[in-house]
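Heads up: the sequence lines are chains A and B, in that order. Sequential numbering from 3 applies to the first sequence in the numbering used here. Sequential numbering from 3 applies to the second sequence in the numbering used here. Below: one structure, written as structure tokens.
Protein chains: 2
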Amino acid sequence: MIKNLAIDSTLDLSFQRQVEVSKELIWRAWTEPELIKIWFCPRPWKTIACEVDLHAGGVFKTTMQSPEGVLVPNEGCFLDVQKNKQLVWTNALLPGFRPNQATSLDVDAANFFFTATIHLEDHLGGTTYTALVRHADQKACDMHKAMGFEQGWGIALDQLIELVRQGI
Amino acid sequence: MIKNLAIDSTLDLSFQRQVEVSKELIWRAWTEPELIKIWFCPRPWKTIACEVDLHAGGVFKTTMQSPEGVLVPNEGCFLDVQKNKQLVWTNALLPGFRPNQATSLDVDAANFFFTATIHLEDHLGGTTYTALVRHADQKACDMHKAMGFEQGWGIALDQLIELVRQGI
Numbered sequence: 003m004i005k006n007l008a009i010d011s012t013l014d015l016s017f018q019r020q021v022e023v024s025k026e027l028i029w030r031a032w033t034e035p036e037l038i039k040i041w042f043c044p045r046p047w048k049t050i051a052c053e054v055d056l057h058a059g060g061v062f063k064t065t066m067q068s069p070e071g072v073l074v075p076n077e078g079c080f081l082d083v084q085k086n087k088q089l090v091w092t093n094a095l096l097p098g099f100r101p102n103q104a105t106s107l108d109v110d111a112a113n114f115f116f117t118a119t120i121h122l123e124d125h126l127g128g129t130t131y132t133a134l135v136r137h138a139d140q141k142a143c144d145m146h147k148a149m150g151f152e153q154g155w156g157i158a159l160d161q162l163i164e165l166v167r168q169g170i
Numbered sequence: 003m004i005k006n007l008a009i010d011s012t013l014d015l016s017f018q019r020q021v022e023v024s025k026e027l028i029w030r031a032w033t034e035p036e037l038i039k040i041w042f043c044p045r046p047w048k049t050i051a052c053e054v055d056l057h058a059g060g061v062f063k064t065t066m067q068s069p070e071g072v073l074v075p076n077e078g079c080f081l082d083v084q085k086n087k088q089l090v091w092t093n094a095l096l097p098g099f100r101p102n103q104a105t106s107l108d109v110d111a112a113n114f115f116f117t118a119t120i121h122l123e124d125h126l127g128g129t130t131y132t133a134l135v136r137h138a139d140q141k142a143c144d145m146h147k148a149m150g151f152e153q154g155w156g157i158a159l160d161q162l163i164e165l166v167r168q169g170i
């Protein structure tokens, strides 16, 4: 476990899986908007828009749509971009590293700030895929867990793998 | 004006000065804790402690002390470290890029998140020194301005120059 993946069990959520697709294809699926739109949120939700400016401080914005048609935009920026290896972004900062507005939102929404790390390592012809999500406090972490973090991110990863295997 | 120094006049505070000291010495004054403690806050306030881990995601923490002895800690992390050229940090994220707790603080304090950029360019044997501070909303920006941003950062810069001229 490398230093920047150290986990605080009261504040962080994570999961790790060995997958049979290459780092390079996972990286493309995570960084190309047209691919992200296909796999990023568990169906029947859809990702109907995606913006990526792939450098530290650049925009990472997705707009999800519920089955009932409710739009859920989520805007943030990248913090660390290491091609085929590690991608870090947060929704606590907007593009250009500008702080996001916590206090204009309701408390639960403000608590939903997180910083996510996707880390990729070669493993037996495939990849060890690690997702780590850091929160400000235990309440935010517990809320994210109760929303089905592990299942949701797991299903999304299954969708990513399915997409990659179909050929991208 | 380079792209990452674009200013939104309702959300950002900035000032720029030509100073007769080198980029290299300004960089040292901004990144070595023992130097930061000498110049960082306008006297008679003191900076009594400082932690620096000079890479993106690394800690930048200062503890200021008022003339009455009240301690004001401010913890954040670096976002962009380009030696002798540009230093960006925020207090909206803690070390390791973890979101800071906005909602556990009172509204005014939560509104005080900012991202600061110090940009240095050679100018006639000295340096063009630009400070840019980005806020989440106009209220935070106005509050920072009312607290005396420009005077405070200007006095601190005077103290930095005084220190560098004495020899570091």
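Beta carbons are placed, not taken as given, at the ideal position from N, Cα and C, and that holds for glycine.
From the beta carbon of B/W88, is the nearest beta carbon of chain A less than 9 Å away? One-based indexing of the second sequence puts residue 88 of chain B at position 86. Just to set this straight, residue 88 of chain B is Gln in the shown sequence, not Trp. Chain A, which has no Cβ nearer than 9 Å to the Cβ of B/Q88, makes this no.
For B/A158, name the three-state secondary structure that DSSP assigns. Residue mapping note: residue 158 of chain B aligns to position 156 of the second sequence, counting from 1. B/A158: helix per DSSP, three-state reduction.
Please name the residue, chosen from B/N102, B/T132, B/Q153, that lies closest to B/L124 on a Cα-to-Cα basis. Looking up residue 124 of chain B in the second sequence gives position 122. It should be pointed out that residue 124 of chain B corresponds to Asp in this sequence rather than to Leu. Residue B/T132 is the option with its Cα nearest to B/D124.
Residues of its chain near B/H146, where Cβ-Cβ distance is below 8 Å and the 5 sequence neighbours each way are ignored: Start at 1 with the first residue of the second sequence, and residue 146 of chain B comes out as number 144. If we look at B/H146 and ignore the five residues flanking it on each side, its Cβ neighbours are L15, F114, F116, V135, H137.
Secondary structure at A/F151, three-state DSSP: helix, strand or coil? The residue given as residue 151 of chain A occupies position 149 in the first sequence. Three-state DSSP puts A/F151 in a helix.
Contacts around B/L159, its chain only, beta-carbon distance under 6 Å, and the 5 residues preceding and following it disregarded: As a first step, residue 159 of chain B is located in the second sequence; it is residue number 157 there, counting from the start. Same-chain partners within the cutoff: there are none.
Have a look at B/T64, B/A58, B/G59 and flag the residue whose alpha-carbon is nearest the alpha-carbon of B/T49. Taking the second sequence and counting its residues from 1, the one referred to as residue 49 of chain B is at position 47. A check of alpha carbon separations from B/T49 across B/T64, B/A58, B/G59 identifies B/T64 as the nearest.
Span of the beta strand (DSSP E) around B/E77: Position 75 of the second sequence, counted from the start, is the residue given in the question as residue 77 of chain B. Its beta strand (DSSP E) spans residues 73-84.
With 16 other Cβ atoms within 10 Å as the buried cut-off, status of B/A31: Within the second sequence, the letter at position 29 stands for residue 31 of chain B. The residue in question, B/A31, is buried, as its Cβ has 16 or more Cβ neighbours within 10 Å.
Does A/T92 get closer than 9 Å to chain B when you measure Cβ to Cβ? In the first sequence, the residue the question calls residue 92 of chain A occupies position 90. Chain B, which has a Cβ nearer than 9 Å to the Cβ of A/T92, makes this yes.
If the cut-off is 9 Å on Cβ atoms, which residues from the stretch 61-88 of chain A count as contacting chain B, listed in chain order? L81, D82
Select from the stretch 113-147 of chain B all residues with a C-beta closer than 7 Å to any C-beta belonging to chain A, and list them in chain order. N113, F115, F116, T117, R136, H137, A138, D139
Three-state secondary structure assigned by DSSP to B/K63: As a working mapping, residue 63 of chain B is identified with position 61 in the second sequence. DSSP places B/K63 in strand when its eight states are reduced to three.
Whose C-alpha, out of A/M149, A/Q103, A/F151, A/G98, is nearest the C-alpha of A/G60? Numbered from its first residue, the first sequence carries residue 60 of chain A at position 58. It is A/G98.
DSSP state of A/W29, grouped into three classes? Within the first sequence, numbered from 1, the residue matching residue 29 of chain A stands at position 27. The answer is helix: DSSP assigns A/W29 an H, G or I state.
Residue-chain proximity (B/L56, chain A), Cβ-Cβ < 9 Å: In the second sequence, the residue the question calls residue 56 of chain B occupies position 54. No, because no Cβ of chain A sits closer than 9 Å to the Cβ of B/L56.
Can the beta-carbon of B/V51 be found less than 9 Å from the beta-carbon of B/D82? Position 49 of the second sequence holds residue 51 of chain B. Position 80 of the second sequence holds residue 82 of chain B. Note on identity: in this sequence residue 51 of chain B is Ala, with Val being the wrong assignment. Cβ atoms of B/A51 and B/D82: not closer than 9 Å.
Answer with yes or no whether the minimum CB distance from B/F151 to chain A is below 9 Å. Taking the first residue of the second sequence as position 1, residue 151 of chain B is located at position 149. No - not a single Cβ of chain A is within 9 Å of the one on B/F151.
Smallest Cα separation from B/D10: which of B/I28, B/Q20, B/V166, B/C143? As a working note, residue 10 of chain B is residue 8 in the second sequence. Taking only the C-alpha atoms, the option nearest B/D10 is B/C143.
Cutting at 7 Å between CB atoms, please list the residues of its own chain near B/L107, excluding the five before and the five after it. In the second sequence, the residue the question calls residue 107 of chain B occupies position 105. No answer about B/L107 holds up, because its pLDDT of 47 lies below 50 and its placement is not dependable.
I'd like to know whether the C-beta of A/A158 is nearer than 9 Å to at least one C-beta of chain B. Taking the first sequence and counting its residues from 1, one reaches residue 158 of chain A at position 156. Cβ-Cβ to chain B under 9 Å: no for A/A158.
Three-way DSSP call (helix, strand, coil) for B/Q103 in this model: Within the second sequence, residue 103 of chain B is the residue found at index 101, counting from 1. If DSSP states are grouped into helix, strand and coil, B/Q103 belongs with coil.
Go through its chain and collect everything with a Cβ distance to B/V109's Cβ below 7 Å, but skip five positions before and after it. Along the second sequence, one-based indexing puts residue 109 of chain B at 107. Caution applies to B/V109, whose pLDDT of 49 falls short of 50 and renders its modelled position unreliable; the model cannot decide the point.
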